[in-house]
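Going by our numbering, the first residue of the sequence shown is number 1, and it counts up by one from there.
Yeah, the Cβ is synthetic: ideal placement off N, Cα and C, and Gly gets one too.
From a predicted model like this one, the values you see are computed outputs, not experimental measurements.
Have a look at the structure below before the remarks.
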Amino acid sequence: MTSRQDAVVEAVESTLVGPLADLGLDVEAVELTPAGRRRVLRVAVDQDGGVDLDDVAAATKAVSAVLDDSDVLGEHPYTLEVTSRGVDRPLTLPRHWRRNADRLVKVTLVEGGEVVGRVLESDDTGVLLDPETKDEEPTRVDYADVAKALVQIEFNRRRSSVGEES
Numbered sequence: 001m002t003s004r005q006d007a008v009v010e011a012v013e014s015t016l017v018g019p020l021a022d023l024g025l026d027v028e029a030v031e032l033t034p035a036g037r038r039r040v041l042r043v044a045v046d047q048d049g050g051v052d053l054d055d056v057a058a059a060t061k062a063v064s065a066v067l068d069d070s071d072v073l074g075e076h077p078y079t080l081e082v083t084s085r086g087v088d089r090p091l092t093l094p095r096h097w098r099r100n101a102d103r104l105v106k107v108t109l110v111e112g113g114e115v116v117g118r119v120l121e122s123d124d125t126g127v128l129l130d131p132e133t134k135d136e137e138p139t140r141v142d143y144a145d146v147a148k149a150l151v152q153i154e155f156n157r158r159r160s161s162v163g164e165e166s
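What follows is the structure, encoded as structure tokens:
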């Protein structure tokens with residue numbers, strides 16, 4: 001991406017943060033990509049508890065109104081896509097970890113190695129993971145030690161209730 005395009009993306013994001021926060025939504029990502037004579041503007045949003053189609057529809061309406069009243073994208077035509085964050089995006093902020101409590105994650109560590117485990121709890125500095133292998137104790141990982149972290153898709157998710165053995 002060019003520095004001009006970076007500046008446009010940053011301007012779009014800063015323009016959208018307030019109006020989307022009014023809806024209880026966080027701006028997770030803004031991407032602007034060329035698509036022939038047009039551009040595609042993708043805005044990913046999220047909130048505690050996740051987003052549903054009504055949230056995406058409300059966000060789309062708000063984003064469209066804000067951009068129509070702004071010259072942040074200039075005169076060049078664009079197609080707007082508003083979406084949820086999705087599980088394929090890396091966990092990079094404390095709120096990402098909080099929103100994925102009880103999900104299985106794969107963490108690549110800065111010093112090398114990996115930890116795969118279920119998010120038990122998280123705070124502003126790190127996360128407590130329940131390792132996938134049953135004989136290991138929960139492990140605390142500081143965010144500063146995380147090179148990359150992704151939610152893992154589970155087709156046969158283990159389920160346990162309080163007091164129930166899994």
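For residue i and residue j, I'd like the C-alpha separation in whole angstroms.
i, j, result
"residue 145", "residue 151", "17 Å"
"residue 65", "residue 136", "51 Å"
"residue 17", "residue 102", "28 Å"
"residue 38", "residue 142", "42 Å"
"residue 138", "residue 81", "39 Å"
"residue 166", "residue 57", "In this predicted model, residue 166 has a pLDDT of only 41, less than 50, meaning its place in the structure is not dependable enough to derive any value."
"residue 20", "residue 28", "11 Å"
"residue 131", "residue 149", "14 Å"
"residue 67", "residue 10", "14 Å"
"residue 134", "residue 91", "24 Å"
Decide if residue i is buried, meaning its Cβ has at least 16 other Cβ atoms within 10 Å, or exposed.
i, result
"residue 59", "buried"
"residue 96", "buried"
"residue 53", "exposed"
"residue 117", "buried"
"residue 31", "exposed"
"residue 44", "buried"
"residue 88", "exposed"
"residue 46", "buried"
"residue 33", "exposed"
Who are the Cβ neighbours of residue i in its own chain at under 6 Å, not counting the five residues just before and after it?
i, result
"residue 84", "51"
"residue 94", "124"
The alpha helix (DSSP H) that contains residue i, what's its start and end?
i, result
"residue 57", "53–68"
"residue 23", "Run containing residue 23: none; DSSP gives neither H nor E here."
Can you give me the Cβ contacts of residue i inside the same chain, cut-off strictly under 8 Å, excluding the 5 residues immediately before and after it?
i, result
"residue 164", "Legend: pLDDT at residue 164 = 44, less than 50; position of this residue unreliable, no value from coordinates given."
"residue 122", "94, 97, 98, 101, 128"
"residue 109", "115, 141, 145, 146, 147"
"residue 3", "none"
Beta strand (DSSP E) containing residue i: first to last residue?
i, result
"residue 83", "78–84"
"residue 99", "Where residue 99 is concerned, there is no enclosing beta strand (DSSP E), although the alpha helix (DSSP H) it sits in stretches over 94–99."
"residue 73", "No beta strand (DSSP E) contains residue 73, which DSSP labels as neither H nor E."
"residue 148", "146–151"
"residue 90", "Taken as a continuous stretch (DSSP letters only), residue 90 belongs to no beta strand (DSSP E), as it is neither H nor E."
"residue 43", "38–46"
"residue 142", "139–142"
Identify the residues that DSSP records as bridge partners of residue i: which are they?
i, result
"residue 35", "38"
"residue 121", "128"
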